[in-house]
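For reference, the structure discussed in these notes is given below.
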Amino acid sequence: MPIRLQEGTPPTDDLWRVFDTTGWNDEYQLSPAELRTAFESSWLVVGAYAEGRLVGVGRAVSDRVVHAMIYDLIVIPECQGAGIGGQLLACLVDRCTTAGIRDIQLFCARGKRVFYETRGFVARPEDAPGMQYRAPTKAS
Ligand SMILES: CC(C)(COP(=O)(O)OP(=O)(O)OC[C@H]1O[C@@H](n2cnc3c(N)ncnc32)[C@H](O)[C@@H]1OP(=O)(O)O)[C@@H](O)C(=O)NCCC(=O)NCCS
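Quick note, the sequence shown lines up with residues 1 to 140 if you use our numbering.
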């Protein structure tokens, strides 16, 4: 299946269809408009198209000099395992390195560690992990 990679935020309906396959919105509770804003506010968005249909996406948020964070690397389930995610990731990393960005990071979803390790990423040391803010729960 020939894949075309294209930079730029895809149409909202297509983006939503791809994002909705992940189940991540159970946590984020985004509207389609909010999802669009998140992508449009990113430094770089890359879509993967098969016969004109969006089948995958990925994005990087960056200060364009020091840090880039790759988010929302997604390939629709029926197209996974055909190299599209690897192509998207390579494209995002290549654009970051070409721009001279010093530090490229991402959050690794459960079960995807080998996917990223075989593509140049290493887990942060256990004594210097990534951390995530969790709002305190209200006392009842
Ligand atoms: C993670 C994700 C983007 C990977 O996309 P993908 O298109 O399946 O990725 P690839 O096909 O490039 O690679 C997946 C595997 O298929 C194998 N593969 C690659 N090209 C292949 C081909 N032509 N034929 C068969 N298998 C192939 C790869 O070896 C790879 O195996 P590995 O993980 O053991 O290295 C996809 O699984 C996904 O969208 N998951 C749900 C969302 C998610 O969790 N995203 C990650 C957030 S951190």
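Think of the CB as a built atom: it goes at the ideal place given N, C-alpha and C, for glycine as much as any other residue.
In this text the structure is predicted, and so the values were computed from the model without any measurement.
Buried or exposed for residue i, please, with buried defined as at least 16 other CB atoms from any protein chain shown within 10 angstroms of its CB.
i, result
"ARG59", "buried"
"PRO2", "exposed"
"PRO10", "buried"
"GLY130", "exposed"
"ALA135", "exposed"
Below 7 Å, is the gap between the Cβ of residue i and the nearest heavy atom of ligand 1?
i, result
"GLY120", "no"
"VAL75", "yes"
"PHE39", "no"
"THR98", "no"
"ALA50", "no"
"GLY83", "yes"
"PHE19", "no"
"GLY86", "yes"
"ALA123", "no"
"CYS108", "yes"
"GLN132", "no"
"GLN29", "no"
"LEU105", "Sequence check: residue 105 is Gln here, not Leu. No, the beta carbon of GLN105 sits no closer than 7 Å to any heavy atom of ligand 1."
"GLN80", "yes"
"THR12", "no"
"VAL114", "yes"
"THR9", "no"
Where do the ends of the alpha helix (DSSP H) carrying residue i lie?
i, result
"TYR71", "Here TYR71 belongs to no alpha helix (DSSP H); instead the beta strand (DSSP E) covers 67-75."
"ALA33", "32-40"
Locate the beta strand (DSSP E) running through residue i, then write down its first and last residues.
i, result
"LEU88", "Careful: LEU88 lies outside any beta strand (DSSP E), inside the alpha helix (DSSP H) at 84-98."
"ASP103", "103-106"
If you draw a straight line from the alpha carbon of residue i to that of residue j, how long is it in whole angstroms?
i, j, result
"LEU146", "ASP127", "Because the chain spans 1 through 140 in this model, residue 146 falls outside it and cannot be assessed."
"ARG36", "SER42", "10 Å"
"GLY47", "ARG53", "10 Å"
"LEU92", "LYS138", "40 Å"
"CYS79", "GLY120", "23 Å"
"CYS108", "VAL122", "10 Å"
"PHE19", "SER31", "11 Å"
"ALA99", "THR21", "31 Å"
"ILE70", "ALA50", "22 Å"
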